[in-house]
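Read the structure below first, then the notes.
Number of protein chains: 2
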Amino acid sequence: MGIVVPLEEREKQKPAGIESLLELIRPDLERTNQLILQRMGSDVTTIPEVANHLISAGGKRLRPMLVLATAGMCGYKGDGQIKFAAGIEFMHTATLLHDDVVDESDMRRGKIAARMLWGNETCVLVGDFLLGHAFKMMVEPGVLSCLTVVSNAAAVIAEGEIMQLNAAKDTQTTEDAYMGVIRRKTAELFAAAAEVGVMLAGRPKADEAAARSYGMNLGIAFQLIDDALDYGGSSAKLGKNVGDDFREGKITLPVVLAFRRGNENEREFWRRTLERGEINDTDVETACGLMKKHKALDDTIERAIHYGAIARDAMEIFPSSPWKSALLEVVDFCIERVY
Amino acid sequence: MGIVVPLEEREKQKPAGIESLLELIRPDLERTNQLILQRMGSDVTTIPEVANHLISAGGKRLRPMLVLATAGMCGYKGDGQIKFAAGIEFMHTATLLHDDVVDESDMRRGKIAARMLWGNETCVLVGDFLLGHAFKMMVEPGVLSCLTVVSNAAAVIAEGEIMQLNAAKDTQTTEDAYMGVIRRKTAELFAAAAEVGVMLAGRPKADEAAARSYGMNLGIAFQLIDDALDYGGSSAKLGKNVGDDFREGKITLPVVLAFRRGNENEREFWRRTLERGEINDTDVETACGLMKKHKALDDTIERAIHYGAIARDAMEIFPSSPWKSALLEVVDFCIERVY
Numbered sequence: 172m173g174i175v176v177p178l179e180e181r182e183k184q185k186p187a188g189i190e191s192l193l194e195l196i197r198p199d200l201e202r203t204n205q206l207i208l209q210r211m212g213s214d215v216t217t218i219p220e221v222a223n224h225l226i227s228a229g230g231k232r233l234r235p236m237l238v239l240a241t242a243g244m245c246g247y248k249g250d251g252q253i254k255f256a257a258g259i260e261f262m263h264t265a266t267l268l269h270d271d272v273v274d275e276s277d278m279r280r281g282k283i284a285a286r287m288l289w290g291n292e293t294c295v296l297v298g299d300f301l302l303g304h305a306f307k308m309m310v311e312p313g314v315l316s317c318l319t320v321v322s323n324a325a326a327v328i329a330e331g332e333i334m335q336l337n338a339a340k341d342t343q344t345t346e347d348a349y350m351g352v353i354r355r356k357t358a359e360l361f362a363a364a365a366e367v368g369v370m371l372a373g374r375p376k377a378d379e380a381a382a383r384s385y386g387m388n389l390g391i392a393f394q395l396i397d398d399a400l401d402y403g404g405s406s407a408k409l410g411k412n413v414g415d416d417f418r419e420g421k422i423t424l425p426v427v428l429a430f431r432r433g434n435e436n437e438r439e440f441w442r443r444t445l446e447r448g449e450i451n452d453t454d455v456e457t458a459c460g461l462m463k464k465h466k467a468l469d470d471t472i473e474r475a476i477h478y479g480a481i482a483r484d485a486m487e488i489f490p491s492s493p494w495k496s497a498l499l500e501v502v503d504f505c506i507e508r509v510y
Numbered sequence: 172m173g174i175v176v177p178l179e180e181r182e183k184q185k186p187a188g189i190e191s192l193l194e195l196i197r198p199d200l201e202r203t204n205q206l207i208l209q210r211m212g213s214d215v216t217t218i219p220e221v222a223n224h225l226i227s228a229g230g231k232r233l234r235p236m237l238v239l240a241t242a243g244m245c246g247y248k249g250d251g252q253i254k255f256a257a258g259i260e261f262m263h264t265a266t267l268l269h270d271d272v273v274d275e276s277d278m279r280r281g282k283i284a285a286r287m288l289w290g291n292e293t294c295v296l297v298g299d300f301l302l303g304h305a306f307k308m309m310v311e312p313g314v315l316s317c318l319t320v321v322s323n324a325a326a327v328i329a330e331g332e333i334m335q336l337n338a339a340k341d342t343q344t345t346e347d348a349y350m351g352v353i354r355r356k357t358a359e360l361f362a363a364a365a366e367v368g369v370m371l372a373g374r375p376k377a378d379e380a381a382a383r384s385y386g387m388n389l390g391i392a393f394q395l396i397d398d399a400l401d402y403g404g405s406s407a408k409l410g411k412n413v414g415d416d417f418r419e420g421k422i423t424l425p426v427v428l429a430f431r432r433g434n435e436n437e438r439e440f441w442r443r444t445l446e447r448g449e450i451n452d453t454d455v456e457t458a459c460g461l462m463k464k465h466k467a468l469d470d471t472i473e474r475a476i477h478y479g480a481i482a483r484d485a486m487e488i489f490p491s492s493p494w495k496s497a498l499l500e501v502v503d504f505c506i507e508r509v510y
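Quick note, the sequences are listed as chains F and R, same order.
Going by the working numbering, the first sequence runs without a break in its numbering and finishes at 510.
Going by the working numbering, the second sequence runs without a break in its numbering and finishes at 510.
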């Protein structure tokens, strides 16, 4: 199982990375980071403290990068991309803060979760503050079509989160239902990010739709690879951070596949651990074993590759450019993390 | 202590009400209610259930009414006021949902709080859903200046909530600090509602500022009267719903005044009950007694009348009209509730 990477678009054998993209967007990304720091300021000192805990916690800034890259690819000459990049990162951070409260998580990105340090109340309200400021920033460039896209994304993301909450701990969740959740909860914001960059540049509808499709399918692939990584990725190696989703009782695609392909004893194992939360020391290892037995991780990765291919094809209508190559490489990067 | 109500603007002795306003805005308010019902729909059935619990729980729709009334007064002929009225009610409802989670309230508007029925997680996420849809609706009329106002309000409200959380249970809160909280948390949305109605009509800046000042000061007066009502209002009568703020340890203006004017024994009473939450059966009565002794409720009402007067004066630049009279009567209505 390999990913087909056109040789002319990046050097052979070098693992896919986001370096070419970073090189192209460096000045814009620096301005975005400055705007983020500036706008999370408040006389109410709790706000920058909490926001900073998450925003500087080493997120990859993938979503803002998509705004900057698609705007750059389309030759946009204005300043609006900075506001949308920062605004979309604020929306993402607000979601993380509210997610932690909803999931009752103790950890986030390998750091202690904000809610453990400042309490659920503060996390709810700082999330609201960031969401308000996100819209405030994104109104400033004065591009209504882009505001429609991001406000729609805000509503869709919340809907996805509620769907996930309703399906939580239900081992009988279907693959379709799960895909419906991650399209809304994760991929919608990737899609919005890629779309607004093109919209700002005033390109035709077909280009907007192409960028949206790229973002949507990249987002799905990204989430599926995350799901696989949580059980050790393609090697299913046990290591630190493996099993976080499992311990939180999260139903992800690897679980959906392993449960459906399992026998009655195995299904009872998933019900005990994920639905009833009765987890003992050896259960993570058992879970990884069952994933391996049923090729649940391999096939989750296979699905991710499928969506990655759609993302790549969506980009084909854009003429060749270093920007386009860099965006294609992001797809490979998101998938190759798993190996 | 009385309110000066110009006789030519409403019938003598008839208590102030919102009936004249309701009469003027009836068709628009019906359209707003229909839009609210339509936009809170979702295939995810939890969403309309939770939203409906709050939105149909008999809120007075004061904020949407301000949008419709100021737009009507300024002769606005478009449709945008309906979207902003519904959007602002969604913003308000989202705040209530998140507030309940933050305050750990059991009750809201005399009904069981949504969080007790659906859980904190769902309330956080349905709040986010409503906020997303609020912006989505308010983008539709395509008036950027109004979007600036409402997105700014969203950020300011969250900031006010965080300030309140930081000052929670602090009996030494100053009147100024408390006023800073309610300006942001309550009055800002009243101000935004009144302002966008005028903005939609394309009126000069001075009219926008007047409407904003009217809304801001009306909002402050409204909140102060609410604070007084929670201890029984001007008669300080004990009745049902009296003492809810007290039992939740909320620091409101009556408490700020009673604490500052009290002797050391009395201050210890406020610290024990509100800061340490050690409340026994007779404490609500004692609290009301201390309010009476120090004229804390009378002076809270006096402050409300002061802000009400500012709201009335702000309106003076608008020419006489049934709309203007109805808006002035809203100020009296908000204050006279207390008697």
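Ideal Cβ positions, reconstructed from N, Cα and C, are used throughout, including at glycine.
Quick caveat, the model's predicted, so the values are computed rather than measured.
Problem - Below-8 Å beta-carbon distance, residue 315/F vs any chain R residue - result: Here residue 315/F refers to the residue found at position 144 of the first sequence. Yes, its Cβ sits closer than 8 Å to a Cβ of chain R.
Practice task
Locate the alpha helix (DSSP H) running through residue 316/R, then write down its first and last residues.
Solution key: Taking the second sequence and counting its residues from 1, one reaches residue 316/R at position 145. First-last of the alpha helix (DSSP H) with residue 316/R: 315-338.
Problem - C-beta contact flag for residue 265/F and residue 300/R at 8 Å - result: The residue labelled residue 265/F in the question sits at position 94 within the first sequence. The residue labelled residue 300/R in the question sits at position 129 within the second sequence. In this structure, residue 300/R does not lie closer than 8 Å to residue 265/F by Cβ.
Exercise for the section: Compare the C-alpha of residue 256/R against each of 237/R, 506/R and 489/R and name the closest. Expected result: As a first step, residue 256/R is located in the second sequence; it is residue number 85 there, counting from the start. Of 237/R, 506/R and 489/R, the smallest CA-CA separation from residue 256/R is found for 237/R.
Problem - DSSP three-state assignment for residue 528/R, whether helix, strand or coil - result: Any question about residue 528/R goes unanswered here, given that chain R covers just 172 to 510.
Exercise for the section: Identify every residue that forms a DSSP beta bridge with residue 279/F. Expected result: In the first sequence, residue 279/F corresponds to position 108, counting from 1. According to DSSP, residue 279/F bridges with 282/F.
Problem - Opening and closing residue of the alpha helix (DSSP H) in which residue 375/F lies - result: Taking the first sequence and counting its residues from 1, one reaches residue 375/F at position 204. For residue 375/F, there is no enclosing alpha helix (DSSP H), as DSSP marks it with neither H nor E.
Handout entry: Distance between residue 509/F and residue 186/F (C-alpha atoms, nearest Å)
Key = Here the question's residue 186/F lines up with position 15 in the first sequence. Here the question's residue 509/F lines up with position 338 in the first sequence. One Cα belongs to residue 186/F, the other to residue 509/F, and the distance between them is close to 12 Å.
Practice task
Under 7 Å between beta-carbons, which chain F residues line up against residue 491/R? List them in chain order, please.
Solution key: For this step, residue 491/R is matched to residue 320 along the second sequence. Ordered by position in chain F, no residue passes the 7 Å Cβ test against residue 491/R, which lies about 35 Å from the chain.
Exercise for the section: Please report the Cβ distance between residue 388/F and residue 482/F, rounded to the nearest whole angstrom; I am assuming they are in contact, meaning their Cβ atoms lie under 8 Å. Expected result: For the purposes of this step, residue 388/F is taken as the residue at position 217 of the first sequence. For the purposes of this step, residue 482/F is taken as the residue at position 311 of the first sequence. Separation of the CB atoms of residue 388/F and residue 482/F is rounded to 4 Å, and the pair is thereby assigned contact status at 8 Å.
Exercise for the section: Let me know the secondary structure DSSP gives residue 172/F once reduced to three states. Expected result: Reading the first sequence from its first residue, position 1 is the one you call residue 172/F. A caution first: residue 172/F carries a pLDDT of 43, below 50, which makes its placement in the model unreliable, though a value can still be read off. In the structure shown, residue 172/F sits in coil (DSSP, three-state: anything other than H, G, I, E or B).
Exercise for the section: Establish whether the CB of residue 361/R and some CB of chain F are separated by less than 8 Å. Expected result: As a position in the second sequence, residue 361/R is number 190, starting the count at 1. Closer than 8 Å: no.
Problem - CB contact check: residue 140/R to chain F, cutoff 8 Å - result: Residue 140/R is absent from the model: chain R starts at 172 and stops at 510.
Handout entry: Alpha-carbon spacing of residue 503/F relative to residue 254/F, whole angstroms
Key = Sequence index remark: in the first sequence, residue 503/F carries index 332 (1-based). Sequence index remark: in the first sequence, residue 254/F carries index 83 (1-based). Residue 503/F and residue 254/F have their C-alpha atoms roughly 27 Å apart.
Handout entry: Beta-carbon proximity check, residue 396/F vs residue 505/F, cutoff 8 Å
Key = One-based indexing of the first sequence puts residue 396/F at position 225. One-based indexing of the first sequence puts residue 505/F at position 334. In contact: residue 396/F and residue 505/F (Cβ atoms closer than 8 Å).
Handout entry: CB contact check: residue 405/R to chain F, cutoff 8 Å
Key = Locating residue 405/R in the second sequence gives position 234, counting from the first residue. Output row for residue 405/R: interface = no.
Exercise for the section: Return no unless some Cβ of chain R is closer than 8 Å to the Cβ of residue 206/F. Expected result: Taking the first residue of the first sequence as position 1, residue 206/F is located at position 35. Closer than 8 Å: no.
Exercise for the section: Kindly examine the ligand NAD and report whether one of its heavy atoms sits closer than 7 Å to the Cβ of residue 270/F. Expected result: This structure lacks the ligand NAD; in fact it carries no ligand of any kind.
Practice task
Residues of the region 377-403 of chain F with a CB closer than 7 Å to any CB of chain R: list them in chain order, please.
Solution key: So nothing in the stretch comes that close.
Exercise for the section: Decide if the region 391-405 of chain R is in contact with the region 368-379 of chain R; the criterion is three or more beta carbon pairs, one per stretch, under 8 Å apart. Expected result: Counting Cβ pairs under 8 Å, fewer than three are found: no touch.
Problem - Proximity test, Cβ basis, 8 Å: residue 303/F and chain R - result: For this step, residue 303/F is matched to residue 132 along the first sequence. At least one CB of chain R lies nearer than 8 Å to the CB of residue 303/F.
Handout entry: With 16 other Cβ atoms within 10 Å as the buried cut-off, status of residue 447/R
Key = Residue 447/R sits at position 276 when you count from the first residue of the second sequence. Flag for residue 447/R reads exposed.
Problem - Proximity test, Cβ basis, 8 Å: residue 332/R and chain F - result: The sequence position of residue 332/R within the second sequence is 161, counting from 1. So, interface residue.
Exercise for the section: Identify, in the order they occur along the chain, each residue of the same chain with its Cβ nearer than 7 Å to the Cβ of residue 449/F, setting aside the five sequence neighbours on each side. Expected result: On the first sequence, residue 449/F is found 278 positions in, with the first residue counted as 1. So the qualifying residues of the chain are 443.
Handout entry: Cβ of residue 180/F within 8 Å of any chain R Cβ
Key = Looking up residue 180/F in the first sequence gives position 9. Confidence is the limiting factor: at residue 180/F the pLDDT is only 49, short of 50, which leaves the residue's position unreliable and the question unanswerable from this model.
Problem - 8 Å Cβ cutoff met for residue 221/R and residue 273/R - result: Residue numbering aside, residue 221/R sits at position 50 when the second sequence is read from its first letter. Residue numbering aside, residue 273/R sits at position 102 when the second sequence is read from its first letter. Contact flag unset, no.
Practice task
Compute the Euclidean distance between the alpha carbons of residue 315/R and residue 313/F, then round it to the nearest angstrom.
Solution key: The sequence position of residue 315/R within the second sequence is 144, counting from 1. The sequence position of residue 313/F within the first sequence is 142, counting from 1. If I take the Cα positions, the gap works out to 7 Å.
Practice task
Inspect the beta-carbon positions of residue 381/F and residue 488/F and report whether they are closer than 8 Å.
Solution key: Translated into positions along the first sequence, residue 381/F becomes position 210. Translated into positions along the first sequence, residue 488/F becomes position 317. Against a cut-off of 8 Å, the Cβ pair of residue 488/F and residue 381/F comes out as a contact.
Problem - 6 Å Cβ shell around residue 346/F - same chain, five flanking residues per side excluded - result: If you number the first sequence from 1, residue 346/F lands on position 175. Excluding positions up to five away in sequence, the list reads 427.
Exercise for the section: Under 7 Å between beta-carbons, which chain R residues line up against residue 273/F? List them in chain order, please. Expected result: The residue given as residue 273/F occupies position 102 in the first sequence. Chain R residues near residue 273/F: 292, 295 and 296.
Handout entry: Span of the alpha helix (DSSP H) around residue 465/F
Key = Position 294 of the first sequence, counted from the first residue, corresponds to residue 465/F. Taken as a continuous stretch (DSSP letters only), residue 465/F belongs to no alpha helix (DSSP H), as it is neither H nor E.
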